[in-house]
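2 protein chains.
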Amino acid sequence: MEKHSNKGNNLKDIANMLGLSVSTVSRVVNGRRYVKEETREKVLAAIEKYNYVPNDVARSLKTSVTKTIGVIVPEIRETFFTQLIKGIDDVIAKSGYSIIIGDTGESPQREDEYLDLFSRRRVDALVLATVSSEPNKILSLIVNEIPVVFVDNLPRLSISFDAVLIDNELASRMAVDYLTGLSHRNIAIILGSKAETTGYNRLLGFSSRMSELGIATDTALIKYGDYKEASGFACMEELLASRDVHPFSAVYVTSELMTYGAMKAIINNGLRVPDDISVLGFDVHDRSGLMRPGITTLRQPEEYIGRYTGELLIKRLSDAEEASKQKILLEPYIDIKESCKKLD
Amino acid sequence: MEKHSNKGNNLKDIANMLGLSVSTVSRVVNGRRYVKEETREKVLAAIEKYNYVPNDVARSLKTSVTKTIGVIVPEIRETFFTQLIKGIDDVIAKSGYSIIIGDTGESPQREDEYLDLFSRRRVDALVLATVSSEPNKILSLIVNEIPVVFVDNLPRLSISFDAVLIDNELASRMAVDYLTGLSHRNIAIILGSKAETTGYNRLLGFSSRMSELGIATDTALIKYGDYKEASGFACMEELLASRDVHPFSAVYVTSELMTYGAMKAIINNGLRVPDDISVLGFDVHDRSGLMRPGITTLRQPEEYIGRYTGELLIKRLSDAEEASKQKILLEPYIDIKESCKKLD
DNA sequence: TTGAAAGCGCTAACAC
DNA sequence: GTGTTAGCGCTTTCAA
Numbered sequence: 001m002e003k004h005s006n007k008g009n010n011l012k013d014i015a016n017m018l019g020l021s022v023s024t025v026s027r028v029v030n031g032r033r034y035v036k037e038e039t040r041e042k043v044l045a046a047i048e049k050y051n052y053v054p055n056d057v058a059r060s061l062k063t064s065v066t067k068t069i070g071v072i073v074p075e076i077r078e079t080f081f082t083q084l085i086k087g088i089d090d091v092i093a094k095s096g097y098s099i100i101i102g103d104t105g106e107s108p109q110r111e112d113e114y115l116d117l118f119s120r121r122r123v124d125a126l127v128l129a130t131v132s133s134e135p136n137k138i139l140s141l142i143v144n145e146i147p148v149v150f151v152d153n154l155p156r157l158s159i160s161f162d163a164v165l166i167d168n169e170l171a172s173r174m175a176v177d178y179l180t181g182l183s184h185r186n187i188a189i190i191l192g193s194k195a196e197t198t199g200y201n202r203l204l205g206f207s208s209r210m211s212e213l214g215i216a217t218d219t220a221l222i223k224y225g226d227y228k229e230a231s232g233f234a235c236m237e238e239l240l241a242s243r244d245v246h247p248f249s250a251v252y253v254t255s256e257l258m259t260y261g262a263m264k265a266i267i268n269n270g271l272r273v274p275d276d277i278s279v280l281g282f283d284v285h286d287r288s289g290l291m292r293p294g295i296t297t298l299r300q301p302e303e304y305i306g307r308y309t310g311e312l313l314i315k316r317l318s319d320a321e322e323a324s325k326q327k328i329l330l331e332p333y334i335d336i337k338e339s340c341k342k343l344d
Numbered sequence: 345m346e347k348h349s350n351k352g353n354n355l356k357d358i359a360n361m362l363g364l365s366v367s368t369v370s371r372v373v374n375g376r377r378y379v380k381e382e383t384r385e386k387v388l389a390a391i392e393k394y395n396y397v398p399n400d401v402a403r404s405l406k407t408s409v410t411k412t413i414g415v416i417v418p419e420i421r422e423t424f425f426t427q428l429i430k431g432i433d434d435v436i437a438k439s440g441y442s443i444i445i446g447d448t449g450e451s452p453q454r455e456d457e458y459l460d461l462f463s464r465r466r467v468d469a470l471v472l473a474t475v476s477s478e479p480n481k482i483l484s485l486i487v488n489e490i491p492v493v494f495v496d497n498l499p500r501l502s503i504s505f506d507a508v509l510i511d512n513e514l515a516s517r518m519a520v521d522y523l524t525g526l527s528h529r530n531i532a533i534i535l536g537s538k539a540e541t542t543g544y545n546r547l548l549g550f551s552s553r554m555s556e557l558g559i560a561t562d563t564a565l566i567k568y569g570d571y572k573e574a575s576g577f578a579c580m581e582e583l584l585a586s587r588d589v590h591p592f593s594a595v596y597v598t599s600e601l602m603t604y605g606a607m608k609a610i611i612n613n614g615l616r617v618p619d620d621i622s623v624l625g626f627d628v629h630d631r632s633g634l635m636r637p638g639i640t641t642l643r644q645p646e647e648y649i650g651r652y653t654g655e656l657l658i659k660r661l662s663d664a665e666e667a668s669k670q671k672i673l674l675e676p677y678i679d680i681k682e683s684c685k686k687l688d
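Encoded structure:
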């Protein structure tokens, strides 16, 4: 574990010590052919002995490839994003890529800053769960031909782009079918921001499926929160307060934290789930399996979203040909537990 | 959003277009002094117009600074590590550093690979939650003067090193004090690998505090798992199977997933928590607040571990002087819920 | 206040 | 098989 001060730190040092040229040493470092076996061994031995570590920064400068993918998310602690990152990493690590993280804390401004930073860093591609409503920076990146894959939320862009996400409209349609299948007709819904495509499509699926089934929706049963727990709680409180005028037997809450908030509001009001009110959640994660009651929930195949994203990235990074953009829509699924019951 | 093909992509382009030298342009890009105000404005305008994006790769090659911190963890999806990453990122992002992730999947071999990869990438520093028992690679990094901060688990190294973690021995002493305070005397314990310092110190604190209190420990009540849920389940099954010979009223489970496994084994055997057996967990995270019963648990101040790690990193990265290594031991705490009851 | 030039460590023609 | 050399885009003396 000796330290060889300033020797053995670069190709030139190794080359000099061996009386070889840098290109020959470079060839063996990169496993190229056209090197005499004997020479190769000598070089390898020197590399080992002097603990030579190739400099990827120099290599990147020369080759214009950093083997780095920037992943920008609103909040890395949210299970959805953590799983997504894991899925992407699983796939791209096999090809030698690494993820560099940008956690925006839901701030469009920070998102733009990360976009700038990662451009300067020359990441090979970007994965973006955008929270921005003015995607100018994004647009310029795409125009400048850096591969960008969108996940979760889509940008309001007129040009085409790559994306991997679930069919949010379908998710809500499934929610309606599930609840109406349990004979519910008066269904409340708590949404996140409808300014984002995610929220917009979840509302769309809900409304359209309800009307297809000929069920009138009481607009007083549609509430908007901000994805956070407190807003789920508040929305639920409002719903409960006006329950005599606007009755409902089930509530569909379209995000994980809002679902927890809603559950607590119900419990707080001395009501029981599912006996008094059925709750259908979204993105609920119960790692412990010890929540009571277990919450029936729409789920996204997060790890697959990550894996598909990773695969799409690899494809965009290797295909020389200008492939046309694609939107990969995965299917959500319902994880049935105990929070919804059949009306008699 | 025009695309300026091969113009405006580097300092030289900008310099040429303006009839200036690269050094002058470089000065304004870096906000240096000694540039005439008029020149500065002209350059800034050109940068804007031609959408010039500085190349950090080239800058890094020149300055030997990548503004990148490698964070290597066994499993990014574990709440502990996710929170850790968030804490680190919060601090270092303010100084322009970014995190590049290495998820080893608990494999010492992958850990070594990431150590190699991140060395080649020339990360400025490393954060390492090691799973390796032969830290040769780590040692050579430290010797080569790249700052390394250890978290969670410590390496078996004879030289000194920086680390931020909780006092695991203290955690177990607190566990013993809490349970004995509830009049428990026969306390079972389920541990992870004792080969790792984390597990070793948790056992140490338990044993030493028990004997200080004059309570004999039945060694049959000490079980070893592998941190995963299944092993918690299996250990608990064993404990329950021999309960008539080796009775116990409480069990202290030293990891999150093993705690869930143990809970399920107890429920599976038709027993209740805490009426029949008290369960004291470790690292249990209940984001929903809807687990029933709520599990009383030892907790680590994860985000602080992350923040302290970030601060230590920044210090090591800015202090020219060779500072002596430090081990920052944070205090664990008990989050009391309903899974432990007082014996009568 | 500005410019010329060296060089960070590497890859890849191209020549021998 | 191996060596020479020209950059990749930038920072930074040093000189003007």
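Residue numbers (the numbering used here), protein chains in the order written: chain E, 1 to 344; chain X, 345 to 688.
Glycine included, C-beta positions come from ideal geometry on N, C-alpha and C.
Inset, instruction - Please confirm whether residue 356/X and residue 372/X have their CB atoms less than 9 Å apart. - result: For the purposes of this step, residue 356/X is taken as residue 12 along the second sequence, with counting starting at 1. For the purposes of this step, residue 372/X is taken as residue 28 along the second sequence, with counting starting at 1. For residue 356/X and residue 372/X, no; Cβs fall outside 9 Å.
Requested in this report: Could you name the residues of chain E that residue 401/X contacts, counting a contact when the two beta carbons are closer than 8 Å?
Outcome: Translated into the one-based positions of the second sequence, residue 401/X becomes position 57. Per Cβ cutoff of 8 Å: 57, 60, 61, 66, 121 and 122.
Decide yes or no for the touch test of the region 225 to 240 of chain E against the region 254 to 268 of chain E: beta carbon pairs closer than 8 Å, at least 3 of them. yes
- Exposure label - residue 596/X; buried when at least 16 CB within 10 Å: Here residue 596/X refers to the residue found at position 252 of the second sequence. Buried.
Scan the region 247 to 274 of chain E for residues whose Cβ lies nearer than 9 Å to a Cβ of chain X and list them as they occur along the chain. 256, 257, 259, 260, 263, 264 and 267
Within 9 Å of any Cβ in chain X, is that where the Cβ of residue 14/E sits?
Within the first sequence, the letter at position 14 stands for residue 14/E. Output row for residue 14/E: interface = no.
Original post:
Beta-carbon of residue 499/X versus every beta-carbon of chain E: anything under 9 Å?
Top reply: Here residue 499/X refers to the residue found at position 155 of the second sequence. So, not an interface residue.
request  = List the endpoints of the continuous beta strand (DSSP E) containing residue 162/E.
outcome  = The residue labelled residue 162/E in the question sits at position 162 within the first sequence. Per DSSP, residue 162/E belongs to the beta strand (DSSP E) from 162 to 166.
| Within 10 angstroms of its Cβ, does residue 313/E collect 16 or more other Cβ (buried), or is it exposed? | Here residue 313/E refers to the residue found at position 313 when the first sequence is read from its first residue. Label assigned to residue 313/E: buried.
Exercise for review: Compute the distance between the beta-carbons of residue 66/E and residue 124/E, then report whether it is under 9 Å.
Suggested key: Within the first sequence, residue 66/E is the residue found at index 66, counting from 1. Within the first sequence, residue 124/E is the residue found at index 124, counting from 1. In this structure, residue 124/E lies closer than 9 Å to residue 66/E by Cβ.
**Q.** Near-chain E residues of the region 366 to 395 of chain X (beta-carbon distance less than 8 Å), N- to C-terminal order
**A.** 395
Residue 149/E vs residue 316/E beta-carbon contact at 9 Å
Against the first sequence, residue 149/E aligns to sequence position 149. Against the first sequence, residue 316/E aligns to sequence position 316. Going by C-beta atoms, residue 149/E is nearer than 9 Å to residue 316/E.
Count the CB pairs spanning the region 416 to 435 of chain X and the region 633 to 653 of chain X that are closer than 8 Å, and state whether there are at least three. yes
Give the secondary structure of residue 13/E by DSSP, where H, G and I count as helix, E and B as strand, and everything else as coil.
-> Here residue 13/E refers to the residue found at position 13 of the first sequence. Note: residue 13/E maps to helix in three-state DSSP.
Strictly below 9 Å CB to CB, what residues from chain E border residue 636/X?
Residue numbering aside, residue 636/X sits at position 292 when the second sequence is read from its first letter. Result: 290, 291, 292 and 293.
Margin query: Distance check for residue 130/E and residue 230/E, CA to CA, integer angstroms please.
Written below: Here residue 230/E refers to the residue found at position 230 when the first sequence is read from its first residue. Here residue 130/E refers to the residue found at position 130 when the first sequence is read from its first residue. Distance between the alpha carbons of residue 230/E and residue 130/E: 23 Å.
| said: Taking a contact to mean a Cβ-Cβ separation below 9 Å, would you say residue 624/X touches residue 683/X in this structure? | reply: Here the question's residue 624/X lines up with position 280 in the second sequence. Here the question's residue 683/X lines up with position 339 in the second sequence. Yes, these two residues count as a Cβ contact at 9 Å.
message: Would residue 564/X and residue 584/X be called neighbours here (beta carbons separated by less than 9 Å)?
response: Position 220 of the second sequence, counted from the start, is the residue given in the question as residue 564/X. Position 240 of the second sequence, counted from the start, is the residue given in the question as residue 584/X. No.
Per DSSP, what kind of secondary structure is residue 148/E in: helix, strand or coil?
Taking the first sequence and counting its residues from 1, one reaches residue 148/E at position 148. Here residue 148/E sits in strand by DSSP.
task: Identify the continuous beta strand (DSSP E) that holds residue 679/X and give its terminal residues.
output: Taking the first residue of the second sequence as position 1, residue 679/X is located at position 335. Looking at the DSSP string, the run of the beta strand (DSSP E) that includes residue 679/X is 677 to 679.
Assigned secondary structure, residue 435/X (DSSP; H/G/I helix, E/B strand, else coil): Counting from 1 along the second sequence, the entry for residue 435/X is found at position 91. Of the three classes helix, strand and coil, the one that applies to residue 435/X here is helix, per DSSP.
query = Between which two residues does the beta strand (DSSP E) carrying residue 103/E extend?
reply = Indexing the first sequence from 1 puts residue 103/E at position 103. Its beta strand (DSSP E) spans residues 98 to 103.
Item to complete: Answer with buried or exposed for residue 341/E, where buried requires no fewer than 16 other C-beta atoms within 10 angstroms of its C-beta.
Response: Here residue 341/E refers to the residue found at position 341 when the first sequence is read from its first residue. Classification of residue 341/E: buried, given that the 10 Å Cβ count is 16 or more.
* Asked: Would a C-beta distance cut-off of 9 Å place residue 566/X and residue 548/X closer than the cut-off?
  -> To locate residue 566/X, count along the second sequence from 1; it is residue 222. To locate residue 548/X, count along the second sequence from 1; it is residue 204. No.
- Message: Residues in the same chain with beta-carbon distance under 8 Å from residue 460/X, minus the five sequence neighbours each way, listed in chain order, please.
- Response: Locating residue 460/X in the second sequence gives position 116, where the first residue counts as 1. Around residue 460/X: 481.
Using 8 Å as the threshold, is the region 327 to 337 of chain E in touch with the region 377 to 389 of chain X, meaning 3 or more CB pairs across them? no
Can you name the start and end residues of the alpha helix (DSSP H) that residue 304/E belongs to?
-> Residue mapping note: residue 304/E aligns to position 304 of the first sequence, counting from 1. Taken as a continuous stretch (DSSP letters only), the alpha helix (DSSP H) holding residue 304/E covers 302 to 318.
> On the three-state DSSP scale, how would you describe residue 643/X?
Replying inline: Numbered from its first residue, the second sequence carries residue 643/X at position 299. Reduced to three states, the DSSP call for residue 643/X is strand.
Top-ranked residue by Cα proximity to residue 55/E, from 398/X, 402/X and 654/X: Indexing the first sequence from 1 puts residue 55/E at position 55. Among 398/X, 402/X and 654/X, the Cα nearest to that of residue 55/E belongs to 402/X.
Considering only residues of the same chain and omitting the five flanking positions on each side of residue 515/X, which have a CB-CB separation below 6 Å? Here residue 515/X corresponds to residue number 171 of the second sequence, with the count starting at 1. The answer, listed in chain order, is 642 and 676.
Helix or strand or just coil, what does DSSP make of residue 684/X?
Against the second sequence, residue 684/X aligns to sequence position 340. Here residue 684/X sits in coil by DSSP.
- Task: Would you please verify whether the beta carbon of residue 429/X is less than 9 Å from any beta carbon of chain E?
- Result: Here residue 429/X corresponds to residue number 85 of the second sequence, with the count starting at 1. So yes, residue 429/X belongs to the interface.
| task | Could you work out which residue in 392/X, 669/X, 376/X and 528/X is closest to residue 354/X when comparing CA atoms only? | result | Here residue 354/X refers to the residue found at position 10 of the second sequence. Comparing Cα positions, the closest option is 392/X.
Please report the straight-line C-alpha distance between residue 470/X and residue 496/X, rounded to a whole angstrom. Within the second sequence, residue 470/X is the residue found at index 126, counting from 1. Within the second sequence, residue 496/X is the residue found at index 152, counting from 1. Between residue 470/X and residue 496/X, the C-alpha separation is close to 14 Å.
Along the chain, where does the beta strand (DSSP E) containing residue 470/X start, and where does it finish?
Numbered from its first residue, the second sequence carries residue 470/X at position 126. Start and end: 469 to 472.
| field | Close-in-space but distant-in-sequence residues of the same chain around residue 142/E (CB under 7 Å, 5 per side omitted) | value | To locate residue 142/E, count along the first sequence from 1; it is residue 142. Once the five neighbours on either side are set aside, the close Cβ partners of residue 142/E are 148, 159 and 161.
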